[in-house]
Amino acid sequence: MAKAIEVDGLTKFYGDLLAVDRISFAVEEGELFGFLGPNGAGKTTTVRMLSGLTRISEGEARVGGFDVRRQAKEVKAHIGVVQDTSNLYLDLSVYDNLMFAAQIHGVPRAQRHRRVMELLEMFGLASRKDQRFAALSRGLKRRLTIASALVHEPPILFLDEPTLGLDVKSRRLMHRLIKELHARGTTIFLTTHYIEEADRLCDRIAIINRGRIILVDTPEGIKRRAQGEQAVRVSFEGGGERLAEQLKGLPHVEDVEVTSDGFELRSER
Numbered sequence: 003m004a005k006a007i008e009v010d011g012l013t014k015f016y017g018d019l020l021a022v023d024r025i026s027f028a029v030e031e032g033e034l035f036g037f038l039g040p041n042g043a044g045k046t047t048t049v050r051m052l053s054g055l056t057r058i059s060e061g062e063a064r065v066g067g068f069d070v071r072r073q074a075k076e077v078k079a080h081i082g083v084v085q086d087t088s089n090l091y092l093d094l095s096v097y098d099n100l101m102f103a104a105q106i107h108g109v110p111r112a113q114r115h116r117r118v119m120e121l122l123e124m125f126g127l128a129s130r131k132d133q134r135f136a137a138l139s140r141g142l143k144r145r146l147t148i149a150s151a152l153v154h155e156p157p158i159l160f161l162d163e164p165t166l167g168l169d170v171k172s173r174r175l176m177h178r179l180i181k182e183l184h185a186r187g188t189t190i191f192l193t194t195h196y197i198e199e200a201d202r203l204c205d206r207i208a209i210i211n212r213g214r215i216i217l218v219d220t221p222e223g224i225k226r227r228a229q230g231e232q233a234v235r236v237s238f239e240g241g242g243e244r245l246a247e248q249l250k251g252l253p254h255v256e257d258v259e260v261t262s263d264g265f266e267l268r269s270e271r
C-alpha cells in the first residue's frame, strides 16, 4: 500500500531545546494513525513540521508523496490541518466562514456553495449556518474548524487534539465524525493524550514521549505488550549507569533504561 506520510529522522530544535528527537515512521494511505503522548511530548511540533507551519531542523518528511521542505505548496494543497486554536473569524457566520475558507483553498467559485452545504449537513451545522462563529459552543466551534479544513477535499487530515476541552457528549459526536471521515477513505493523523481515544479510533498508534517515539503498533499489539511485561521506575543520585548494566543481566529482565534521575526496569510478568 502507498504511503501517505513518510518520516525519517525528523528533528526540531528551538534554540538549545530538543523538541522532537530523530523520529521515524510511516502512515499508509487511508489509515487512521494515532500520535499518543503527554502534553509537551512533541505532538503539536510534529504536526506543524509535517504541515509546513514550522521549519524542520533535521531529517526528511514526505506528505502525499511531496517533500515537505522542497514542495511545501503541493503539500498544503493535499492536506487539511486542525489545531486547538481556530483560524476562523468570530464575526462571520458559519456559512460565510466556510465560503471564505473555500475561496482561500482555491475551490472553484461554481462549486463553493454545494461543497459548503455538504459540509454543513455532514457536521450537523445546517440549522446554524447563519449564526456567528463567536456565538457557537466549544463543540460546535470545533466541528466548524474541522469542516473548514475539509472544504478542498484533502486526502490527508491532521487533527491535533480534536477533542481537547470537549464535554462527553461533544467528544462522542466528534469520534463519530472522525470515524465517518476515516470510512470515506481520508488518511487521518490524530494527536491525543487520551489513551482510550487512541484505542477506540486508531488503526495504529505511535507513542511519543520527550520528543522520542517509544513504539509503533496496533492498539491490540500495545495491549499485549502491556499485559506481558511490567515496569519499575527507580530514582536515586549517582551510580545509575553501572547498576543499570548489572540489572540487565538478571533473569526475566527485558530492558533497563537510564533516565535523568535513575532508571526504569521492564521485566516479564
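Note that my numbering numbers the sequence shown so that position 30 is 32, with each residue one more than the last.
Just so it is clear, CB atoms sit at the ideal spot from N, CA and C, and this is done for glycine as well.
Everything numeric in this text was worked out from a predicted model, so none of it was measured.
Buried or exposed for Leu19, going by 16 or more other Cβ atoms inside 10 Å? Position 17 of the sequence shown, counted from the start, is the residue given in the question as residue 19. That one is exposed.
By DSSP, does Glu31 sit in helix, in strand, or in coil? Your numbering for residue 31 matches position 29 in the sequence shown. Of the three classes helix, strand and coil, the one that applies to Glu31 here is coil, per DSSP.
If you reduce the DSSP assignment to three classes, tell me which class Ala43 lands in. Numbered from 1 along the sequence shown, position 41 holds the residue referred to as residue 43. Here Ala43 sits in coil by DSSP.
What are the boundary residues of the alpha helix (DSSP H) that Leu166 is part of? Start at 1 with the first residue of the sequence shown, and residue 166 comes out as number 164. No alpha helix (DSSP H) contains Leu166, which DSSP labels as neither H nor E.
Going residue by residue through the region 101-164, where are the continuous beta strand (DSSP E) segments of at least 3 residues, counting only ones entirely within it? Along the length of the region 101-164, whole beta strand (DSSP E) runs at least 3 residues long occupy 158-162, reported in chain order.
Specify, as a first and last residue, the run of the alpha helix (DSSP H) that Leu203 falls within. Here residue 203 refers to the residue found at position 201 when the sequence shown is read from its first residue. Run containing Leu203: Ile197 to Leu203, per the alpha helix (DSSP H) assignment.
Leu203 to Lys181 span [Cα, whole Å]: If you number the sequence shown from 1, residue 203 lands on position 201. If you number the sequence shown from 1, residue 181 lands on position 179. Leu203 and Lys181: Cα-Cα distance of roughly 7 Å.
Inter-stretch contact at 8 Å, needing at least 3 Cβ pairs: the region 10-24 / the region 175-192: no
Three or more C-beta pairs below 8 Å linking the region 33-46 and the region 89-103: no
So is Thr47 in contact with chain D if we call contact Cβ pairs under 8 Å? Absence of chain D from the displayed structure is noted, only one protein chain being present.
Tell me, please, which residues DSSP counts as bridged to Arg214. Taking the sequence shown and counting its residues from 1, one reaches residue 214 at position 212. Paired residues: Asn211.
Using a Cβ-Cβ cut-off of 6 Å (strictly less than) and excluding sequence neighbours within five positions of Arg64, which residues of its own chain qualify? Within the sequence shown, the letter at position 62 stands for residue 64. Closer than 6 Å at the Cβ level, and outside the excluded window around Arg64, lie Glu8.
Could you give the distance in angstroms between the alpha-carbon of Glu247 and the alpha-carbon of Glu266? As a first step, residue 247 is located in the sequence shown; it is residue number 245 there, counting from the start. As a first step, residue 266 is located in the sequence shown; it is residue number 264 there, counting from the start. One alpha carbon belongs to Glu247, the other to Glu266, and they sit about 12 Å apart.
What residues match up with Lys78 in a beta bridge as DSSP calls it? As a first step, residue 78 is located in the sequence shown; it is residue number 76 there, counting from the start. For Lys78, DSSP records no beta bridge to any residue.
In whole angstroms, what separates the C-alpha of Arg145 from that of Met176? Start at 1 with the first residue of the sequence shown, and residue 145 comes out as number 143. Start at 1 with the first residue of the sequence shown, and residue 176 comes out as number 174. Answer to the nearest angstrom: the Cα atoms are 7 Å apart.
Does DSSP put Ala4 in a helix, in a strand, or in coil? Residue numbering aside, residue 4 sits at position 2 when the sequence shown is read from its first letter. In the structure shown, Ala4 sits in coil (DSSP, three-state: anything other than H, G, I, E or B).
Taking Arg64 as part of the beta strand (DSSP E), name the residues at either end of that continuous run. One-based indexing of the sequence shown puts residue 64 at position 62. Its beta strand (DSSP E) spans residues Glu60 to Val65.
In three-state DSSP terms, what is Arg72? By one-based count along the sequence shown, residue 72 stands at place 70. Residue state, collapsed to three classes: coil.
Based on Cα-Cα distance, which residue from Lys75, Gly61 and Lys131 lies nearest to Ala100? For the purposes of this step, residue 100 is taken as residue 98 along the sequence shown, with counting starting at 1. Note that residue 100 corresponds to Leu in the displayed sequence, not to Ala. It is Lys131 whose Cα lies nearest to the Cα of Leu100.
May I ask you to verify whether the region 49-67 touches the region 211-226, counting CB pairs closer than 8 Å and requiring at least 3? no
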